[in-house]
DNA sequence: CCCGAAGACTGATGTCGATCAGCCCAGCAT
DNA sequence: ATGCTGGGCTGATCGACATCAGTCTTCGGG
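What follows is the structure, given as structure tokens:
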């Protein structure tokens, strides 16, 4: 093992990477940069920017409507790409805001595409990672389109827990969560007021407690049932591609 | 030019492919198959299946909830992949239903990954196509999360028009559309009853008429304004990668 | 020490869209 | 010719969630 960044850990879960491949991956990381919470790193409509890999902290990608509403599309945690799609499509269709202070490493598209040429398996790995992100957005769409506020919140908190558990940042008891109720509202297509009420209901039902930057699963099984949560697509075991 | 399938047309818009690359792409197409409208080709939870490229007709990908509701995630038109994500993630997180009778060509994953090794630029092209699909799902998420029923419908019809126009199947006057009002309801997170009312309102407002398998834009500009539709991310000009 | 801002929280009121319960028409099978 | 099915269409009613208009606490800055 040459490197053990969150990215390597994530991709390694899918493709067993050789040492040369790992070193190509490591060479992608250019400048290390930091951004403060709340100050966008990418703006909707912006063009010609770099992509990043999140090293520490949380970020979110969102779209703004002309009437001022916003929809948070996804949250990113360490190991996730920031703005990869923007770079490939050559213009950003969304903005990215750090939820906490974050550290990232810059990746130049040219380098990434070169790396694909040198080590095509890396291309497969990145395609896989992109598919995984898309699956997340799809699940989010179902959440917003077909579940009521309570189920939606429950499902979201569970899914995030599962996702964090994969990188060792949470378990069935709960996880640290720096999101505000406003973040939840913007992500779930609810008003902040209603988010607050729904959280109270879930808490009073003894299922989950969201408080002081921490999500505590008070009754994991009941919550799973209530949210119709199916964790199967999250857990797969070991590299698929040898 | 060796081939001029919808797929080549689509990918060619992004990556200028050489003749050897085109022939690799052509060699991916295996068996040609047909499926009848309404009979799923991929079931949620299914594993080990092939991917397809849609040659003619329309399909939709959707997720089923345990309470019987369904959310249509996206519609596919000729040139689009069917089930690529399912294959990469090794299990299908969604089902796919032909909206009309369809023709597809089968693609074996192994062949696809081999092709990446032979011609890495192909990998980039497929990654780009996947990003474009993801952008579509993201826009759909915003639709469902933050727009009211009228705007949602208007935006959806416009976006689909733009998408069809790209492959020569529609323009600012309208397009042929085989969807039922039930399809629209399942896609937009509305009830079929409400879809009907909303369509009536849009028709009576003189903006768009959905009838007899045809969408007619009666007042394109007004509709664009009403839906806050921003077509910019759809139109890009010529291959980005030389 | 006070002020302002951010975030959590709450009650009252209003509305958008779901649900229920139908009708109508065209196409098709019996 | 009769009934059945799928799709489009409609009125009445109801409830989930938005909106408005606040309060309270904490925290950092002047």
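Protein chains in written order, with full-length UniProt numbering: chain C, 1 to 242; chain R, 1 to 242. Heads up, the beta-carbon is just placed ideally off N, CA and C, and yes, glycines get one too.
When C:184, C:51, C:206, C:205 are compared, the shortest CA-CA separation from residue 196 (chain C) is found for C:184. Chain-order list of chain C residues neighbouring residue 189 (chain R): 144, 145, 146, by C-beta distance under 8 Å.
The beta carbon of residue 132 (chain R) falls within 8 Å of a beta carbon belonging to chain C, placing the residue at that interface. Ranked by Cα distance from residue 147 (chain C), the first of C:186, C:228, C:99 is C:228. Taking the Cα positions, residue 70 (chain R) is about 17 Å away from residue 37 (chain R). The beta-carbon separation of residue 11 (chain R) and residue 56 (chain R), rounded to 18 Å, does not stay under the 8 Å limit for a contact. Taking the Cβ atoms as the reference, residue 41 (chain R) lies roughly 5 Å from residue 35 (chain R), within the contact range of under 8 Å. By the criterion of a C-beta distance shorter than 6 Å, residue 93 (chain R) is surrounded by no residue of its chain, once the five residues flanking it on both sides are discounted.
Contact between residue 105 (chain R) and residue 52 (chain R) holds: CB atoms are separated by about 7 Å, below the 8 Å threshold. When only Cα atoms are considered, residue 153 (chain R) and residue 200 (chain C) end up about 33 Å apart.
Inter-residue distance for residue 142 (chain C) and residue 62 (chain R) is about 9 Å (C-alpha atoms, whole angstroms). Around residue 64 (chain C), the same chain offers 44, 70, 95 as residues with beta carbons nearer than 8 Å, after the five sequence neighbours per side are excluded. In the DSSP assignment, residue 74 (chain C) is bridged to C:61. For residue 160 (chain C), there are no neighbours in chain R by C-beta distance under 9 Å, as the nearest C-beta there is about 16 Å away.
Here DSSP, grouped into helix, strand and coil, assigns residue 116 (chain C) to helix. Neighbourhood of residue 56 (chain R) in chain C, by CB distance below 8 Å: empty, with the nearest CB roughly 25 Å away. Put simply, the segment 113-131 of chain C touches the segment 6-21 of chain C. At least three CB pairs are less than 8 Å apart.
Taking 4 residues as the shortest admissible run, the segment 101-146 of chain R contains the following complete alpha helix (DSSP H) segments, listed from N- to C-terminal end: 109-118, 120-146. DSSP, reduced to helix, strand and coil, places residue 229 (chain C) outside both helices and strands of the structure shown, so it counts as coil. If you check the CB distance, residue 137 (chain C) and residue 138 (chain R) come in under 8 Å. Listed along the chain, the chain C residues whose CB falls inside 9 Å of the CB of residue 63 (chain R) are 138, 139, 141, 142, 146. Within chain C, the C-beta atoms nearer than 7 Å to that of residue 85 (chain R) come from 131, 134, 135, in chain order. Distances from the CA of residue 208 (chain C) to each of C:77, C:150, C:128 were compared; the closest alpha carbon is that of C:150.
Counting along the chain, residue 27 (chain C) sits inside the alpha helix (DSSP H) bounded by residues 19-28. Look at residue 5 (chain R): its C-beta is not under 8 Å from any C-beta on chain C. Among the residues of chain R, those whose CB is under 7 Å from the CB of residue 116 (chain C) are 120, 123, 124, following chain order. Residue burial is scored here from C-beta neighbours: residue 173 (chain C) has fewer than 16 other C-beta atoms within 10 angstroms and is therefore classed as exposed.
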